[in-house]
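Colleague: Take a look at this one; I'll ask things after.
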Amino acid sequence: EAGVTQFPSHSVIEKGQTVTLRCDPISGHDNLYWYRRVMGKEIKFLLHFVKESKQDESGMPNNRFLAERTGGTYSTLKVQPAELEDSGVYFCASSQGTGELFFGEGSRLTVL
Amino acid sequence: RKEVEQDPGPFNVPEGATVAFNCTYSNSASQSFFWYRQDCRKEPKLLMSVYSSGNEDGRFTAQLNRASQYISLLIRDSKLSDSATYLCVVNEYGNKLVFGAGTILRVKS
Numbered sequence: 007e008a009g010v011t012q013f014p015s016h017s018v019i020e021k022g023q024t025v026t027l028r029c030d031p032i033s034g035h036d037n038l039y040w041y042r043r044v045m046g047k048e049i050k051f052l053l054h055f056v057k058e059s060k061q062d063e064s065g066m067p068n069n070r071f072l073a074e075r076t077g078g079t080y081s082t083l084k085v086q087p088a089e090l091e092d093s094g095v096y097f098c099a100s101s102q103g104t105g106e107l108f109f110g111e112g113s114r115l116t117v118l
Numbered sequence: 020r021k022e023v024e025q026d027p028g029p030f031n032v033p034e035g036a037t038v039a040f041n042c043t044y045s046n047s048a049s050q051s052f053f054w055y056r057q058d059c060r061k062e063p064k065l066l067m068s069v070y071s072s073g074n075e076d077g078r079f080t081a082q083l084n085r086a087s088q089y090i091s092l093l094i095r096d097s098k099l100s101d102s103a104t105y106l107c108v109v110n111e112y113g114n115k116l117v118f119g120a121g122t123i124l125r126v127k128s
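As they're listed, the protein sequences go chains A and B.
For the first sequence, the positions run 7 to 118 when our numbering is used.
For the second sequence, the positions run 20 to 128 when our numbering is used.
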């Protein structure tokens, strides 16, 4: 069975550009989460979808970040315009109900 | 003050050693507790859940002290393959996980 997959694995962009990260959760998992780890810091929660609805977006840093999950399947996280401090690893995770979270390998974003 | 605090290490130990990691958390209303393992440039993976009664999985033993808001992980008979970063993780509510910064373990032959 495929795990959580994320694309791209690594993205290098310039400040002011736009990047869109994609996450495909494990099939059948209604819960999808975005987390990120910026350099030297701990992994932090960004938001939580239940199917296509945003359950909790309290961790989203500002309005330059937009997450969507149309149709309740895959999700995208768009950063527009990107700033230097957005560099880090963006992890997606999915779960069946409130069970174990399974993480993807992450998308490493470098903003120059 | 960080919500979940861990000693970053690194802990450098020889094979076969016993090593213990500790973690404290600030939110007394936290619901559940975990240790995750993260290998270099990989995703975090659940190692084990942590209960007040203590739980053991092979060479790994985890313990929770709710009164002290303290979580521990004990690894016995360390293997080279145990080298990784160990993340103390607290579930505040609804799978909103709060991560510690991690403790680096290096097991050497």
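We put the CB at the ideal spot given by N, CA and C, even for glycine.
The structure presented is a predicted model; accordingly, all values stated were derived computationally and were not measured.
How many Å lie between A/Gly94 and A/Met45 at the Cα?
Modeller: Approximately 6 angstroms between the Cα atoms of the pair.
Colleague: Does A/Asn37 pass the burial test, meaning 16 or more other C-beta atoms within 10 Å, or should it be called exposed?
Modeller: By the neighbour-count rule (16 or more Cβ atoms within 10 Å), A/Asn37 is buried.
Colleague: What does DSSP give as the partner residues of A/Ala73 in its beta bridges?
Modeller: Note: A/Ala73 sits in a beta bridge opposite A/Leu83.
Colleague: Name, please, each residue of chain B whose Cβ falls closer than 9 angstroms to the Cβ of A/Tyr39.
Modeller: Per Cβ cutoff of 9 angstroms: Asn114, Lys115, Leu116.
Colleague: Hey, quick one: how far does the beta strand (DSSP E) through B/Val108 stretch, first residue to last?
Modeller: That run of the beta strand (DSSP E) goes 103-112.
Colleague: Do B/Glu62 and A/Phe55 come within 8 angstroms of each other at the CB atom, strictly closer than that value?
Modeller: Against a cut-off of 8 angstroms, the Cβ pair of B/Glu62 and A/Phe55 comes out as no contact.
Colleague: Going by CA-CA distance only, name the one from A/Tyr39, A/Ala8, A/His35 that's closest to A/Gly65.
Modeller: When only C-alpha atoms are compared, the closest one is A/Tyr39.
Colleague: Whose C-beta lies closer than 8 angstroms to the C-beta of A/Ser101 among residues of the same chain, with five residues either side of it excluded?
Modeller: Once the five neighbours on either side are set aside, the close Cβ partners of A/Ser101 are His35, Asn37, Tyr39, Leu107, Phe108.
Colleague: List the residues of chain B that A/Thr104 touches, going by C-beta distances under 8 angstroms, in chain order.
Modeller: Those within 8 angstroms of A/Thr104 in chain B are Gly113, Asn114.
Colleague: With DSSP collapsed to three states, give me the class of B/Glu75.
Modeller: Correct three-state label for B/Glu75: strand.
Colleague: Determine whether the beta carbon atoms of B/Val126 and B/Ser102 lie at a separation below 8 angstroms.
Modeller: Contact flag set, yes.
Colleague: Which word fits B/Arg85, buried or exposed, when buried means at least 16 other C-beta atoms lie within 10 angstroms of its C-beta?
Modeller: Classification for B/Arg85: exposed.
Colleague: Strictly under 8 angstroms for the Cβ-Cβ distance: is B/Pro29 near chain A by that measure?
Modeller: Judged by the 8 angstroms Cβ criterion, B/Pro29 is not in contact with chain A.
Colleague: Alpha carbon to alpha carbon, what distance is there between A/Gln86 and A/Gly22?
Modeller: Spanning the two alpha carbons is a distance of roughly 7 angstroms.
Colleague: Please say whether B/Tyr44 and B/Val69 have beta carbons closer to each other than 8 angstroms?
Modeller: The answer is no: Cβ separation not under 8 angstroms.
Colleague: For the beta strand (DSSP E) holding A/Leu118, just list the boundary residues, first then last.
Modeller: First-last for A/Leu118: undefined, no H or E at that position.
Colleague: From B/Ser100, B/Glu75, B/Gly77, pick the residue whose C-alpha is nearest to that of B/Pro33; which is it?
Modeller: The shortest Cα separation from B/Pro33 among B/Ser100, B/Glu75, B/Gly77 belongs to B/Ser100.
Colleague: So with CB distances below 9 angstroms, who are the chain A contacts of B/Leu124?
Modeller: Chain A residues near B/Leu124: none, gap ~17 angstroms exceeds 9 angstroms.
Colleague: Does chain B have any CB closer than 8 angstroms to the CB of A/Asp36?
Modeller: Cβ-Cβ to chain B under 8 angstroms: no for A/Asp36.
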